[in-house]
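Novice: The sequence shown begins at 16 in the numbering used here and counts up one residue at a time. Attaching a single structure in C-alpha cells format; questions to follow.
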Amino acid sequence: MIRNAPRASGSSLDVFEGITIFSFIAKKLSPSRERSSELSLFPLAATLFPGGRVALRVFEQRYYELAKSCVANGEGFGIVTLNAGNEVGTNQSFARVGTAVSIQSFDAPEPNIFVLDVVGEQRFEIVESRVRSNGLHIARVRWLPPEARVAVRAEHAPLVALLRPVVEALGESRFAEPYELDDATWVGSRLTEILQMPRAIKQSLLEINDAELRLKTLAQLVARGSAAAA
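Given below as C-alpha cells:
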C-alpha cells in the first residue's frame, strides 16, 4: 500500500464488482451502529490520529479484499503503526494502540487496485490479535475515550504558527475539515502527523491522553530540533 496516493474522487467509479457509489453513500450515511470490539488491522509506517486524513493506494491482496469488504458493507478498519517489518509482507510487529478509520471515498483506477480516502475516528487498544490464513491481522480491541476539546494556551502560539501555513497550503487535500487551530487536541494531532520525528515518538504522542502534555512535548521536540517540518 502507498500512503498519500492521489485522493479518491468517489465519483469516477460507477460500479465496482457490484458496489455502487450510491449504495456506498447510503451505508456511509446510515445511522451509526455501536462499534464492534473486533477490528481488521492495516499496519502503516505512519501514525494517524482521530481527525487525521490519509489517502491509501491498496494493491496487496489481503488489504485489497479488506478494502472491498469495507466499501461493500460501509465499515471501517484500524490503522496501527508498524514497529518492525514492512507495509508489504507478513513479518510485521505493530503498536498496541491505533486509530479506527472510516472510508470517505474510494476509487478503483486499475484492476485489483483500490484508492481509499480515510479519516481517523477513534483510538483503540488491542486486547488480543490473530492472523487469518491470508495474512490479515484481526484484533479484539478496547475503545479509548475521545479527548475533550481544550483551548490552545498562549504559550503554544508558535506551534499554531508552525501548523497554520501548512493547513492553508494543503487544505482538504491533506486535512479533514473543520480546521480547529484553536483546539489543543487538533493542533497536537495534526503536528504529530506531519512533523518529521522517529516513529516511536509519534506513537507515544498518540498514546498520551492529555492534549496540553502533548503540546508541551511537541514544543520541546521542536525546540531541540528533534521534530521538523517535512
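Ideal Cβ placement from N, Cα and C applies to all residues, glycine included. Please read these numbers as outputs of a predicted model, since none were measured by experiment.
Out of ALA60, LEU56, SER52, SER55, state which residue places its alpha-carbon closest to the alpha-carbon of ALA215.
Specialist: Position 200 of the sequence shown, counted from the first residue, corresponds to residue 215. With distances taken between Cα atoms, ALA215 lies closest to ALA60.
Novice: Using three-state DSSP, classify PRO124 as helix, strand or coil.
Specialist: The count along the sequence shown starts at 1 and reaches residue 124 at position 109. DSSP places PRO124 in strand when its eight states are reduced to three.
Novice: Only counting the same chain, and skipping five residues up and downstream in sequence, which positions put a Cβ closer than 7 Å to that of VAL195?
Specialist: For the purposes of this step, residue 195 is identified with residue 180 of the sequence shown, where counting begins at 1. Going by the sequence as given, residue 195 is Glu instead of Val. Cβ within range, chain order: TRP201.
Novice: CB-CB under 7 Å to LEU54, same chain, minus the five flanking residues each way: which ones, in chain order?
Specialist: Here the question's residue 54 lines up with position 39 in the sequence shown. Cβ neighbours of LEU54 beyond the five flanking positions: PHE92, GLY93, ALA115, PHE139, ALA154, VAL156.
Novice: Let me check understanding here. Comparing Cα to Cα, which of ASN127, PRO126, VAL142, SER84 lies closest to ALA110?
Specialist: Counting from 1 along the sequence shown, the entry for residue 110 is found at position 95. Checking every option, the nearest Cα to that of ALA110 belongs to VAL142.
Novice: Decide yes or no for the touch test of the segment 76–96 against the segment 146–153: beta carbon pairs closer than 8 Å, at least 3 of them.
Specialist: Cβ pair count under 8 Å is three or more, so yes.
Novice: Measuring CB to CB, does ALA226 end up less than 8 Å from VAL165?
Specialist: By 1-based counting over the sequence shown, the position of residue 226 is 211. By 1-based counting over the sequence shown, the position of residue 165 is 150. Against a cut-off of 8 Å, the Cβ pair of VAL165 and ALA226 comes out as a contact.
Novice: Quick one: give me the first and last residue of the alpha helix (DSSP H) that ALA70 is part of.
Specialist: Looking up residue 70 in the sequence shown gives position 55. That residue, ALA70, is in no alpha helix (DSSP H); its beta strand (DSSP E) goes 68–73.
Novice: Based on Cα-Cα distance, which residue from PRO161, PRO173, VAL181 lies nearest to LEU221?
Specialist: Along the sequence shown, one-based indexing puts residue 221 at 206. It is PRO161 whose Cα lies nearest to the Cα of LEU221.
Novice: Taking all protein chains shown into account, decide if GLU208 is buried (16 or more other Cβ within 10 angstroms of its Cβ) or exposed.
Specialist: Looking up residue 208 in the sequence shown gives position 193. Buried, because 16 or more other Cβ atoms sit within 10 Å of the Cβ of GLU208.
Novice: On the CB-based measure, 16 or more other CB atoms within 10 Å of its CB, does ASP197 come out buried or exposed?
Specialist: Stepping through the sequence shown from its first residue, residue 197 is reached at position 182. Flag for ASP197 reads exposed.
Novice: List the endpoints of the continuous alpha helix (DSSP H) containing ALA234.
Specialist: Numbered from 1 along the sequence shown, position 219 holds the residue referred to as residue 234. Its alpha helix (DSSP H) spans residues 226–238.
Novice: Please look up how many angstroms separate the CB atoms of GLY66 and GLY135, rounded, as I've assumed it's under 8 Å.
Specialist: Residue mapping note: residue 66 aligns to position 51 of the sequence shown, counting from 1. Residue mapping note: residue 135 aligns to position 120 of the sequence shown, counting from 1. Confirmed, Cβ separation roughly 6 Å.
Novice: Let me check understanding here. Comparing Cα to Cα, which of ARG68, ASN224, PRO58, ALA163 lies closest to ASN98?
Specialist: In the sequence shown, counting from the first residue as 1, residue 98 sits at position 83. It is PRO58 whose Cα lies nearest to the Cα of ASN98.
Novice: Going by DSSP, which residues form a beta bridge with VAL116?
Specialist: Position 101 of the sequence shown, counted from the first residue, corresponds to residue 116. For VAL116, which the question treats as bridged, DSSP gives the partners PHE92, GLY135.
Novice: Which whole-angstrom value is the C-beta distance of PHE190 and ARG72, which I expect to be below 8 Å?
Specialist: What you label residue 190 is simply residue 175 of the sequence shown in a count that begins at 1. What you label residue 72 is simply residue 57 of the sequence shown in a count that begins at 1. Between ARG72 and PHE190 the Cβ distance is about 19 Å, and since that is not below 8 Å, they are no contact.
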